[in-house]
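Peer 1:
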Amino acid sequence: MASIDKRPNGRYRTRWREYPGGPQKTRHFDRKGDANSSSTASGATSVELVYRWVSTIFKAAVGDRLIAASPCVRISLPKRADTEVVPLGVSEVEALVVAVPERYRALIVFAAAMGLRQGECFGLTVDRVDFLRRHVRVDRQLTSALGGVPGFGPPKSKAGFRTVPMPEVVCATLAEHLARYGPGPAGLVFTNTFGRPLRRNTVGDMWHRAALQASLPEWATFHDLRHFYASLLISRGCSVKAVQKRLGHQSAMETLDTYGHLWPDSDDETRDAVDQVLGGLSALG
Numbered sequence: 009m010a011s012i013d014k015r016p017n018g019r020y021r022t023r024w025r026e027y028p029g030g031p032q033k034t035r036h037f038d039r040k041g042d043a044n045s046s047s048t049a050s051g052a053t054s055v056e057l058v059y060r061w062v063s064t065i066f067k068a069a070v071g072d073r074l075i076a077a078s079p080c081v082r083i084s085l086p087k088r089a090d091t092e093v094v095p096l097g098v099s100e101v102e103a104l105v106v107a108v109p110e111r112y113r114a115l116i117v118f119a120a121a122m123g124l125r126q127g128e129c130f131g132l133t134v135d136r137v138d139f140l141r142r143h144v145r146v147d148r149q150l151t152s153a154l155g156g157v158p159g160f161g162p163p164k165s166k167a168g169f170r171t172v173p174m175p176e177v178v179c180a181t182l183a184e185h186l187a188r189y190g191p192g193p194a195g196l197v198f199t200n201t202f203g204r205p206l207r208r209n210t211v212g213d214m215w216h217r218a219a220l221q222a223s224l225p226e227w228a229t230f231h232d233l234r235h236f237y238a239s240l241l242i243s244r245g246c247s248v249k250a251v252q253k254r255l256g257h258q259s260a261m262e263t264l265d266t267y268g269h270l271w272p273d274s275d276d277e278t279r280d281a282v283d284q285v286l287g288g289l290s291a292l293g
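Residue numbering for the sequence shown follows my numbering, beginning at 9 and increasing consecutively.
1. To the nearest angstrom, report how far apart A76 and S63 are at their CA atoms.
2. Between the segment 196-207 and the segment 119-135, do three or more beta carbon pairs fall short of 8 Å?
3. So the beta strand (DSSP E) G161 belongs to, where does it begin and stop?
4. Can you tell me where the beta strand (DSSP E) with Q149 in it begins and where it stops?
5. Check R111 in the structure and name its three-state DSSP category.
6. Quick one, which of Q258, V285, T266, G287 has its alpha-carbon nearest T91's?
7. From L270 to G97, what does the alpha carbon distance come to, in whole angstroms?
8. Can you tell me where the beta strand (DSSP E) holding K14 begins and where it ends?
9. Going by Cα to Cα distance, which pick from G127, F160, H216, K253 is closest to V172?
10. Going by other Cβ atoms of all chains shown within 10 Å of its Cβ, with 16 needed for buried, is P225 buried or exposed?
11. In three-state DSSP terms, what is T48?
12. Under a Cβ-count criterion, where at least 16 other Cβ atoms within 10 Å of its own Cβ denotes burial, should G18 be classed as buried or exposed?
13. Give the DSSP-derived three-state secondary structure of D298 in the structure shown.
14. How big is the Cα-Cα spacing for S78 and E56?
15. In terms of alpha-carbon separation, which member of P191, S84, D72 lies closest to R60?
16. Name, in chain order, the residues that DSSP records as bridge partners for P205.
17. So, helix, strand or coil for P79, using DSSP?
18. I'd like to know if the segment 211-228 and the segment 137-157 are in contact, where contact means that at least 3 CB-CB pairs between them fall below 8 Å.
19. Could you tell me which residues DSSP pairs with T266 in its beta bridges?
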């Protein structure tokens with residue numbers, strides 16, 4: 009459930025949690041109507057997330073013959089509100105890298121330059137990094153860190169299993185980071201100040217302090233580094249299929265639904281293409 013309150017500066021703040029006990033998220037709006045729309049969208053996301061978990065549990069129960077059939081069928085979930093992604097700028101990401109504590113700078117560079125999801129970044133281990141071939145194998149994410157022991161689970165979907173090319177800036181940054189701090193439990197590349205697995209709330213607190221110092225938009229979260237990566241690929245002319253593959257989306261439609269507005273308009277290109285082929289034809293008369 010999301011809550012909305014008016015701030016002293018006249019703006020409206022929406023606060024919500026995607027699941028019970030999860031990290032609190034916030035967004036700020038100039039108009040209350042926009043805050044209300046965001047609240048509805050947040051609620052829809054939370055319902056969908058809980059439904060997926062419950063559906064998985066019942067599906068497993070059917071497989072174990074504990075129940076005859078799953079009740080999670082023919083259920084209409086609330087629709088998400090359509091909101092366009094606004095990617096961070098290069099200068100904003102650079103300012104964030106400077107603002108975070110030194111131990112976490114490699115994490116920010118990695119997330120912005122590789123586009124992995126937060127759990128995939130947190131769960132990155134040394135054996136998944138191929139410095140020779142310059143790529144990272146993504147086949148799991150960090151799901152728990154009880155007692156400082158990392159727990160791993162599969163990526164978000166089947167498409168999440170992928171290999172992502174690693175640019176030179178990431179190779180150099182990871183090499184320097186590992187030389188300075190060393191790998192953590194199970195070979196984790198990124199750890200906290202005690203050398204233990206990262207927790208979302210700890211990184212979230214660090215993020216908010218650094219984001220304020222770097223003057224990032226109030227709505228910016230760690231996930232916006234993934235959006236930045238996608239926008240960078242698109243701005244350099246990468247195809248929909250290439251962006252889909254790098255992000256681990258299940259379909260090109262998912263990629264287009266999220267980032268379609270970032271691809272440049274091709275009106276002039278289509279006109280030129282037709283004119284180059286058919287430009288010599290005269291009008292029928």
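Using N, Cα and C, we set each Cβ at its ideal position, and we do this for glycine too.
Peer 2: On the basis of the coordinates in this document:
1. 14 Å
2. The count of Cβ pairs closer than 8 Å, one atom from the segment 196-207 and one from the segment 119-135, reaches three, so the stretches are in contact.
3. 159-161
4. 149-152
5. Taken through DSSP and simplified to helix, strand or coil, R111 comes out as helix.
6. Nearest option by C-alpha distance: T266.
7. Those two C-alpha atoms are separated by around 13 Å.
8. 11-14
9. If we check each option's Cα against that of V172, K253 comes out closest.
10. It is exposed - the Cβ of P225 has fewer than 16 other Cβ atoms within 10 Å.
11. A caution first: T48 carries a pLDDT of 49, below 50, which makes its placement in the model unreliable, though a value can still be read off. Three-state result, T48: helix.
12. exposed
13. One cannot answer for residue 298 here, as it falls past the ends of the chain, which runs 9 to 293.
14. 17 Å
15. The shortest C-alpha to C-alpha distance from R60 to any of P191, S84, D72 is the one to S84.
16. T199
17. Here P79 sits in coil by DSSP.
18. no
19. For T266, which the question treats as bridged, DSSP gives no partner whatsoever.
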